[in-house]
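Per my numbering: the sequence shown = residues 5 to 568.
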Amino acid sequence: MKKILFLLLILALATVLTACGSTGTPTPTLTPTIPPPTATSTPPPTPTATPAPMGVFTSGALPEAFRQQLNERLTQQTGNFVVSGDPNLATLQIAYAPNIDVPVIGQWVYALVAPFPTVVDDVPLATLQDAWQGLPVACDACDFAGPLRLSESTLNALKTAWGEPAAGAVEVLPSDQITPKLWEVQPAWGIVPFDELNPRLKVLSIDGRTPFLHGLDLNAYPLAVKIGIAGPIEEAEQLQAVLGQPLTNRDESKMTLVAMTGVTAMARDFAASVDVNGVLYPAKEIKDWFDTSDIVHISNENSFWPDCPKQPTPNRGVFCSDPSYWELLKYIGTDVIELDGNHLNDYGWEPFSYTLDLYEREGVPYYGGGRTVTEATRYITLAHNGNVLAFAGCNPVGPAIGWADGIGDGRPGSAPCASPYLELQEELKKAKAEGAVVFSTLQYNEQPLGDYSYETALGQAKDFERLLDAGADVVSGSQGHSVQGFGLKGNGFMHFGVGNLFFDQMQARNLRENFIDRYLIYDNKLLGVELLTTIRDEAALPRKMTLDERRALLKTLFSLSYWE
Numbered sequence: 005m006k007k008i009l010f011l012l013l014i015l016a017l018a019t020v021l022t023a024c025g026s027t028g029t030p031t032p033t034l035t036p037t038i039p040p041p042t043a044t045s046t047p048p049p050t051p052t053a054t055p056a057p058m059g060v061f062t063s064g065a066l067p068e069a070f071r072q073q074l075n076e077r078l079t080q081q082t083g084n085f086v087v088s089g090d091p092n093l094a095t096l097q098i099a100y101a102p103n104i105d106v107p108v109i110g111q112w113v114y115a116l117v118a119p120f121p122t123v124v125d126d127v128p129l130a131t132l133q134d135a136w137q138g139l140p141v142a143c144d145a146c147d148f149a150g151p152l153r154l155s156e157s158t159l160n161a162l163k164t165a166w167g168e169p170a171a172g173a174v175e176v177l178p179s180d181q182i183t184p185k186l187w188e189v190q191p192a193w194g195i196v197p198f199d200e201l202n203p204r205l206k207v208l209s210i211d212g213r214t215p216f217l218h219g220l221d222l223n224a225y226p227l228a229v230k231i232g233i234a235g236p237i238e239e240a241e242q243l244q245a246v247l248g249q250p251l252t253n254r255d256e257s258k259m260t261l262v263a264m265t266g267v268t269a270m271a272r273d274f275a276a277s278v279d280v281n282g283v284l285y286p287a288k289e290i291k292d293w294f295d296t297s298d299i300v301h302i303s304n305e306n307s308f309w310p311d312c313p314k315q316p317t318p319n320r321g322v323f324c325s326d327p328s329y330w331e332l333l334k335y336i337g338t339d340v341i342e343l344d345g346n347h348l349n350d351y352g353w354e355p356f357s358y359t360l361d362l363y364e365r366e367g368v369p370y371y372g373g374g375r376t377v378t379e380a381t382r383y384i385t386l387a388h389n390g391n392v393l394a395f396a397g398c399n400p401v402g403p404a405i406g407w408a409d410g411i412g413d414g415r416p417g418s419a420p421c422a423s424p425y426l427e428l429q430e431e432l433k434k435a436k437a438e439g440a441v442v443f444s445t446l447q448y449n450e451q452p453l454g455d456y457s458y459e460t461a462l463g464q465a466k467d468f469e470r471l472l473d474a475g476a477d478v479v480s481g482s483q484g485h486s487v488q489g490f491g492l493k494g495n496g497f498m499h500f501g502v503g504n505l506f507f508d509q510m511q512a513r514n515l516r517e518n519f520i521d522r523y524l525i526y527d528n529k530l531l532g533v534e535l536l537t538t539i540r541d542e543a544a545l546p547r548k549m550t551l552d553e554r555r556a557l558l559k560t561l562f563s564l565s566y567w568e
């Protein structure tokens, strides 16, 4: 209509102009002006109703930690969603959704566990399902008769995926009673939330899959349960988008795996083998274990030196390494170096000074040794994935020429100390006060019982316990040419002798055996340790133990360990 009126207006104007054109006397031309604006009445805005926030009800069967995470996320958003305590009034409901096609907002991960001194490493899924159904368990070295121990919260999660367990197949306990009960009734299995693991428990993999390592496919792991949203799909997807990253108790961006090792002394027959086979040769069978760790620790007991004599030398008690051997430590991804060994100054202090320069050029931090006593005895920290790791150590056995300022000449060297390690204890206390997960190492007496043996002297165990009491989470015996057993005090972990990683001793089996202890840190808390086992068939080539070799060693050392 407006268009028609506009056209009529144009036609009328044209008619007027045509008629005017026929007169003989021109009329004065008027100059057009922009008229002043006129007041226009504006209707008042129509009020728009603000949509009420949608209520979100969370099932009481879900873990308390999940509900806390959810509430924190909801309070951070703009107010479209609020927590509702009434499922009948809520628009959306959140619950376990293992086999339901709904928007997923989280996944809760659990671990099959046993007391730490358990030999079996892996359990078939079919065996675990048999245990759930109350059937006899049959698998290699399982030695388990049930029931499975777990909390009510864990039971609520698993029965949504597996159904109700058979009568008597599970024992429901408060979370804080599961670990003591498993130790009380060995052999025993339990299932616990990933973030509630502790060093007194051993994580058992299921068909080779373990939550202990990075890269776990949670869709293929049988102890991961999805949590989803029920309700109108559009609103459910909106809530899913608002919450962002899935809620979980196993966020790999909060995980750190620390590989702690024993003796590295790249000299003598080890060096001779490397000179023939290549500097990377010693790592070829075990490099993947370092590659799948985040922090690699090496205790390098001797110095690099360009003038290091060709190995082996007639004096087999004096060590040094060609600087080219650094490439081996670089190849395995060394992140931190322990320097409380007792061969650092075998050829004088100049090689050790050269070695410190090398580490600094390479950007690798060190502890337990240094240019001064102050530097040698201090603790250092590393940060990874939000976790703070502290390392401190010392050398109580000497010799004096190997200690920093050990003979009063200001020489660099290892950190001197003596039992009860008061200076080291102070460093551990300071590191713990900083909020770190604390690793302490000792270059302890290599033969506390007078020979290289599996057994641990009572005095050694007491000395290690002192360091736990001072704040260490882990105390590791880097001196141990012979592998030795373990100890637990509370949730503090001790390994009295880790063994020879890159060293040549071949005269006895216990000197050829070795551990790489891989510690799991999550959200700045020590959750546990995985024992990786190697053995050398020749001086410079550690290989992974066979299953029989591994089980035999674990049985021996577990029987000689100190459990509190």
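Note that CB positions come from ideal geometry on N, CA and C, so glycine has one too.
Can you tell me the Cβ-Cβ gap for T131 and V141, rounded? I've got them flagged as a contact below 8 angstroms. Translated into the one-based positions of the sequence shown, residue 131 becomes position 127. Translated into the one-based positions of the sequence shown, residue 141 becomes position 137. Taking the Cβ atoms as the reference, T131 lies roughly 6 angstroms from V141, within the contact range of under 8 angstroms.
Do the region 503–515 and the region 480–487 meet, that is, are 3 or more Cβ pairs less than 8 angstroms apart? Three or more Cβ pairs closer than 8 angstroms define a contact, and the region 503–515 meets that threshold against the region 480–487.
Going straight from the alpha carbon of I302 to that of E553, what length do you get? Locating residue 302 in the sequence shown gives position 298, counting from the first residue. Locating residue 553 in the sequence shown gives position 549, counting from the first residue. Taking the Cα positions, I302 is about 24 angstroms away from E553.
For T33, I'd like the list of residues in its chain whose CB is within less than 8 angstroms of its CB, leaving aside the five on either flank, ordered along the chain. For this step, residue 33 is matched to residue 29 along the sequence shown. Note on T33: pLDDT 32, under 50, position unreliable in the model; no value is reported.
DSSP three-state label for T214, please. The count along the sequence shown starts at 1 and reaches residue 214 at position 210. Looking at T214 - three-state DSSP - the assignment turns out to be coil, as it is neither helix nor strand.
Please list, in chain order, all residues of the same chain as L453 whose beta carbon is under 7 angstroms from its beta carbon, the five residues on each side excluded. Counted from its first residue, the sequence shown places residue 453 at position 449. Apart from the 5 residues on each side of it in sequence, L453 sits with its Cβ closer than 7 angstroms to the Cβ of E459 and A461 in its chain, given in chain order.
Please report the straight-line C-alpha distance between T42 and A56, rounded to a whole angstrom. Here residue 42 is taken as the residue at index 38 of the sequence shown, counted from 1. Here residue 56 is taken as the residue at index 52 of the sequence shown, counted from 1. Residue confidence is low: T42 scores 34 on pLDDT, short of 50, so the model does not pin down where it sits. No coordinate-derived value is stated.
Segments assigned alpha helix (DSSP H), at least 4 residues, entirely inside the region 179–239: DSSP runs (the alpha helix (DSSP H)) wholly in the region 179–239: 179–188.
Using the Cα positions of L472 and A234, report the straight-line distance between them to the nearest angstrom. Working through the sequence shown from its first residue, we reach residue 472 at position 468. Working through the sequence shown from its first residue, we reach residue 234 at position 230. One alpha carbon belongs to L472, the other to A234, and they sit about 48 angstroms apart.
Short Cβ contact (8 angstroms threshold) for T381 with A437: Numbered from its first residue, the sequence shown carries residue 381 at position 377. Numbered from its first residue, the sequence shown carries residue 437 at position 433. For T381 and A437, no; Cβs fall outside 8 angstroms.
Could you give the residue range of the beta strand (DSSP E) that holds A165? Sequence index remark: in the sequence shown, residue 165 carries index 161 (1-based). Membership of A165 in any beta strand (DSSP E) is not indicated; the residue belongs instead to the alpha helix (DSSP H) covering E156 to W166.
Per-residue DSSP class, three states only, for I336: As a first step, residue 336 is located in the sequence shown; it is residue number 332 there, counting from the start. It is coil, neither helix nor strand.
In three-state DSSP terms, what is R516? Taking the first residue of the sequence shown as position 1, residue 516 is located at position 512. R516: helix per DSSP, three-state reduction.
Span of the alpha helix (DSSP H) holding S563? Locating residue 563 in the sequence shown gives position 559, counting from the first residue. In this chain, the alpha helix (DSSP H) harbouring S563 covers L551 to S563.
Evaluate the contact criterion for the region 336–354 versus the region 391–403: three or more CB pairs, one atom per stretch, below 8 angstroms. Yes, the region 336–354 is in contact with the region 391–403.
Run through the DSSP bridge pairs and tell me what S2 is partnered with. This structure does not reach residue 2, given that the chain is present from 5 up to 568, and the question cannot be answered.
Going by Cα to Cα distance, which pick from G59, G406 and L66 is closest to D90? For the purposes of this step, residue 90 is taken as residue 86 along the sequence shown, with counting starting at 1. Selected option, being the one with the closest Cα: G59.
What residues match up with W567 in a beta bridge as DSSP calls it? On the sequence shown, position 563 is the one that residue 567 refers to. Listed as beta-bridge partners of W567 by DSSP are L492.
Report yes if the CB atom of A271 is closer than 8 angstroms to the CB atom of N306, and no otherwise. In the sequence shown, counting from the first residue as 1, residue 271 sits at position 267. In the sequence shown, counting from the first residue as 1, residue 306 sits at position 302. Yes, Cβ-Cβ distance for A271 and N306 is below 8 angstroms.
Counting along the chain, where does the alpha helix (DSSP H) carrying G367 start and finish? In the sequence shown, counting from the first residue as 1, residue 367 sits at position 363. G367 -> no alpha helix (DSSP H), and no H or E assigned at all.
Report the CB separation of G470 from Y425 in whole angstroms; it is logged as a contact under 8 angstroms. Your numbering for residue 470 matches position 466 in the sequence shown. Your numbering for residue 425 matches position 421 in the sequence shown. Just to set this straight, residue 470 is Arg in the shown sequence, not Gly. R470 to Y425, Cβ: 6 angstroms. Contact.
For V113 and N253, which I take to be in contact (beta-carbon distance under 8 angstroms), what is that distance rounded to the nearest angstrom? Position 109 of the sequence shown holds residue 113. Position 249 of the sequence shown holds residue 253. Indeed they touch by this definition, with Cβ atoms about 6 angstroms apart.
In terms of residue numbering, what span does the beta strand (DSSP E) encompassing V262 cover? In the sequence shown, residue 262 corresponds to position 258, counting from 1. Element bounds for V262: M259 to M264.
Assign W330 to one of three DSSP states: helix, strand, or coil. Position 326 of the sequence shown, counting from 1, holds the residue named residue 330. W330 falls in the helix class under three-state DSSP.
By DSSP, does W407 sit in helix, in strand, or in coil? For the purposes of this step, residue 407 is taken as residue 403 along the sequence shown, with counting starting at 1. In the structure shown, W407 adopts extended strand secondary structure according to DSSP, grouped into three states.
Helix, strand or coil: which one does DSSP assign to K436? Here residue 436 refers to the residue found at position 432 of the sequence shown. In this structure, K436 counts as helix in the three-state DSSP scheme.
If you run the structure through DSSP and keep just helix, strand and coil, what is G373? Here the question's residue 373 lines up with position 369 in the sequence shown. Assignment of G373 by DSSP, reduced to helix, strand and coil, places it in the strand class.
Any beta carbon of chain D sitting closer than 8 angstroms to that of Y526? Checking the listed chains, one finds no chain D in this structure; it contains a single protein chain.
Sequence-distant residues of its chain with Cβ nearer than 7 angstroms to G367 (five each side left out): Residue 367 sits at position 363 when you count from the first residue of the sequence shown. There are no such residues.
To the nearest angstrom, how far is the alpha carbon of A115 from that of Y225? Within the sequence shown, residue 115 is the residue found at index 111, counting from 1. Within the sequence shown, residue 225 is the residue found at index 221, counting from 1. Take the alpha-carbon of A115 and the one of Y225: they are about 10 angstroms apart.
Helix, strand or coil at S63 [DSSP, three-state]: To locate residue 63, count along the sequence shown from 1; it is residue 59. Here S63 sits in coil by DSSP.
Less than 8 angstroms between the C-beta atoms of C312 and D326, yes or no? Here residue 312 refers to the residue found at position 308 of the sequence shown. Here residue 326 refers to the residue found at position 322 of the sequence shown. Yes, the Cβ-Cβ distance between C312 and D326 is below 8 angstroms.
Taking the straight line between their C-alpha atoms, what separation do you get for S2 and H388? The requested residue 2 is not part of the displayed model; the chain covers only 5 to 568.
Which residues in the same chain as D298 place their Cβ atom closer than 6 angstroms to its Cβ, once the five residues preceding and following it in sequence are excluded? The residue you call residue 298 lines up with position 294 of the sequence shown. Once the five neighbours on either side are set aside, the close Cβ partners of D298 are T260, L261 and H388.
Is Q97 helix, strand or coil when you go by DSSP? Here residue 97 refers to the residue found at position 93 when the sequence shown is read from its first residue. Of the three classes helix, strand and coil, the one that applies to Q97 here is strand, per DSSP.
G374 versus G352, D409, R365 and G390, residue with shortest Cα-Cα distance: For the purposes of this step, residue 374 is identified with residue 370 of the sequence shown, where counting begins at 1. G374 has its Cα closest to that of D409, out of G352, D409, R365 and G390.
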